[in-house]
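Encoded as structure tokens, the structure appears first; notes follow it.
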Amino acid sequence: MTLYRQIVIVIILLSMLMFAGTVVVNVHNARDYLAAQLESHAQDTATSLGLSLSPQMANNDTSTMISMVDAIFDRGYYEEVTLRRIDGESIWSRHMDVKVDSVPAWLIRWVKLDAPEAKAIIMSGWNQAGEVYVKSHPGFAYQTLWQTITNMLWWFSALTAALIILAGMAVRVLLNPLVRLEAQAIAVSERRFDEIDEIPRTRELRHVIRAMNFMTGKVKQMFEEQSDSAERMRYLAFQDGLTGLQNRRYFDAALNSSLNDRDEDHEGALLLMNIHDLQGINQRLGFDAADEILKMAALILEECTGTMDGTVVARLAGGDFAMMLENISQVETSQLANVLCLEMMRLHTTGMLDTDKVCHVGFAMYHSGMTYSEILSRSDNALQLARTQGVNSWAVYAAPEETESSLPGRREWQDIVREAIESENIVLHAQPVVSADNRDSLLHREILLRLPGPNEVLWTAGMFLPVVTQMGLARELDKVVIKKVLAEMVKSSVDTQLAINISEGSLHHLDFIAWLNAALDNAGRPKQSIVFEISETVVARELKRVQPLADVVRQHGYGFAVDHFGRGMTTFGYLQSLRPDYVKIEGIYMTDIATNKDDQFFVDSLCKVAHSLDITVIAESVETEEQMMVLKELGIDGMQGFGIGRPEAL
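Spelled out as structure tokens, the structure:
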């Protein structure tokens with residue numbers, strides 16, 4: 094029951110109590126007053142009638158006396174009027190029962206009015222000739238009492254109604270801080286730490302709200318400390334303390350994950366860069382100046398690769414840097430290496446470096462199935478070749494023993510991709526995601542894209558998505574996938590969630606969100622049948638564009654999630670504002686999760702932060718039973734990978 098209703102009930106009960114008390118007091122006082130009035134009325138009538146009847150009594154004019162008694166009785170409220178001779182003989186008597194039609198019977202029974210009696214002697218000369226007896230009728234008194242009670246009832250009813258209305262208005266005003274307090278408590282439970290700025294004047298409410306604000310601040314501080322601790326430990330474990338780039342350990346894990354990912358085929362380039370003669374720079378310019386040169390070099394590397402998705406930039410040691418570039422061609426890598434050499438000359442032109450001998454760059458192409466040592470050796474050979482070509486030069490590793498790839502060339506890929514999107518000839522596969530507590534419990538299936546090739550070959554997304562992005566067709570591809578998934582779910586009788594990845598290219602077109610809104614309006618599927626995933630690196634760069642997308646899908650009852658969490662060294666802060674349904678941890682943390690304490694700490698910390706926000710945590714690239722056991726102990730909610738299930742046709 095609401096406080097407003099309780100107050101209304103209290104007002105009604107108090108009004109009824111006051112009304113009852115007032116009625117009792119007023120009826121008691123009115124009864125005494127009316128009894129006195131009736132007594133005076135009876136005595137006055139008896140005295141007046143006695144004097145008026147004296148001449149007729151002396152003349153023994155009985156008929157006139159009767160007429161006079163009738164006239165008095167008919168004009169007044171009398172219960173009885175009796176005329177007797179002095180010896181007690183009755184001459185005439187009139188009587189009327191105590192009954193009042195306009196007054197309820199319970200009032201007559203409840204309020205007893207003893208009708209007063211009065212007598213008067215009728216004289217005949219100096220002798221007593223007779224007696225007149227008058228008893229007043231209480232009907233008028235009862236009518237007066239009843240009218241008094243009804244008037245009070247109407248008055249108290251009107252007053253009670255007015256009090257209820259005023260109380261309602263007052264309660265809404267006075268208790269408005271409690272409404273804000275309730276909203277604040279709900280926000281805290283959802284890990285939104287909003288404080289109430291408007292402090293009420295009511296002392297009790299003021300103290301409560303101040304205490305609540307204090308508690309909210311403390312909870313926010315604890316949450317931020319927990320999040321900061323996890324981010325700090327991740328930074329120490331996976332980032333270079335000087336440049337802020339990823340360190341050797343993170344780079345090795347990322348490269349191994351890309352090479353060993355059996356869910357998708359990957360290809361790309363491994364690029365190594367070396368600052369020329371770092372030891373000599375330390376001796377000539379000092380360690381502080383050398384550190385600034387390394388920081389500037391890291392900044393240039395990030396500028397050159399900042400907009401490229403699937404890129405890992407790391408400082409390996411000293412003046413050695415590495416870049417893993419996924420889904421990039423050899424031509425594009427050559428262009429990047431050339432730009433990088435030119436940009437690194439800024440170290441000399443800005444005066445930071447006292448020589449124009451700045452760096453060497455070497456790279457090698459890789460693809461899924463190659464070993465870590467093999468691709469690293471190729472890149473290092475290319476770097477050594479660049480050193481022989483002179484300073485500020487770059488070189489690419491060429492393997493003459495390798496045959497020409499049977500995959501389509503760049504121009505062929507463009508024709509294949511354009512035709513596939515226009516004809517919507519996209520094959521959908523799906524990989525299961527299961528609960529960590531019960532692997533028979535299917536959480537959802539993630540949609541994976543395939544393109545049909547010759548001889549019934551299916552090309553994986555890693556082969557053609559770079560071309561899609563380069564051609565600016567990511568939005569059109571996303572539309573095709575969404576339409577096919579919606580159509581498939583309408584035909585399917587299985588109500589299992591499907592996860593669809595949305596590309597960054599779609600977010601750059603405002604009309605995509607409007608299109609998606611219309612498509613979901615017309616979908617006609619049960620709520621929560623689709624989850625839309627976006628990569629963490631995209632979320633970090635495009636948070637203002639991601640939020641409207643998340644709002645649209647949630648308005649239709651669908652889910653929103655973050656994929657490849659941990660790939661970029663972003664903070665956990667956006668989780669609090671974006672509130673995804675789940676996050677999927679990047680597979681690079683799974684390779685050594687069974688033995689590496691840093692990986693375990695990161696996963697454990699993420700689970701605690703996410704669970705405090707009611708966000709589910711799912712691990713990607715899970716392959717071994719040992720990994721599954723450790724992940725379950727760390728608090729992982731769901732798992733995905735070849736150890737869970739292979740992708741199958743939708």
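Just so you know, we're using this note's numbering here: the sequence shown kicks off at 94 and counts up by one.
Ideal placement from N, C-alpha and C gives every residue a C-beta, glycine not left out.
Since the model is a prediction, treat every value here as computed from it, not as a measurement.
Neighbourhood of residue i by C-beta, 7 angstroms cutoff - its chain only, sequence neighbours within 5 removed
i	result
residue 410	341
residue 427	489
residue 393	436, 437, 439
residue 627	595, 639, 655, 656
Other residues of its chain near residue i: CB distance less than 6 angstroms, five sequence neighbours each side excluded
i	result
residue 616	579
residue 366	414, 452, 454
residue 227	135, 138, 139, 174, 211
residue 186	175
residue 108	249, 253
residue 602	568
residue 478	488
residue 299	292, 293
residue 486	479
Rounded separation between residue i and residue j - CA only
i	j	result
residue 160	residue 124	33 angstroms
residue 482	residue 727	51 angstroms
residue 258	residue 103	13 angstroms
residue 207	residue 231	8 angstroms
residue 468	residue 338	21 angstroms
residue 716	residue 301	53 angstroms
residue 388	residue 379	15 angstroms
residue 631	residue 404	12 angstroms
residue 309	residue 522	46 angstroms
residue 472	residue 506	26 angstroms
residue 648	residue 526	24 angstroms
residue 638	residue 651	18 angstroms
residue 539	residue 731	13 angstroms
residue 563	residue 541	20 angstroms
residue 260	residue 247	19 angstroms
residue 120	residue 249	16 angstroms
residue 501	residue 549	15 angstroms
residue 671	residue 659	16 angstroms
residue 682	residue 346	7 angstroms
residue 729	residue 534	14 angstroms
residue 713	residue 530	16 angstroms
residue 229	residue 172	5 angstroms
residue 263	residue 105	16 angstroms
residue 612	residue 343	40 angstroms
Three-way DSSP call (helix, strand, coil) for residue i in this model
i	result
residue 278	helix
residue 228	strand
residue 656	strand
residue 208	coil
residue 709	strand
residue 39	Because residue 39 is not part of the residues shown, which for the chain are 94 to 743, the question remains open.
residue 446	coil
residue 188	strand
residue 651	coil
residue 147	helix
residue 629	helix
residue 338	coil
residue 635	coil
Residues that residue i bridges to, as DSSP identifies them
i	result
residue 452	368
residue 523	540, 741
residue 177	183, 224
residue 419	361
residue 458	362
residue 414	366, 408
residue 214	224
residue 731	528, 711
residue 487	454
residue 171	229
residue 535	527
residue 99	None; residue 99 has no bridge partner.
residue 332	339
Cβ-based neighbour list, residue i, same chain, cut-off 8 angstroms, excluding 5 preceding and 5 following
i	result
residue 517	573, 576, 577
residue 221	179, 214, 215
residue 432	397
Residue i CB to nearest heavy atom of the ligand NAP below 6 angstroms
i	result
residue 488	Ligands in the displayed structure: none, and consequently the ligand NAP is not present.
Report task. Could I get the ranges of all uninterrupted alpha helix (DSSP H) runs contained in the stretch 672-719, with 4 residues as the minimum, in chain order? Result -> Restricted to the stretch 672-719, the alpha helix (DSSP H) segments that are unbroken, complete and at least 4 residues in length are 690-705, listed in chain order.
Query raised in the report: In the stretch 538-623, which residue ranges form an unbroken alpha helix (DSSP H) of at least 4 residues, counting only runs that do not cross its ends?
Result: Segments of the alpha helix (DSSP H) lying fully in the stretch 538-623: 554-563, 567-584, 597-600, 603-614.
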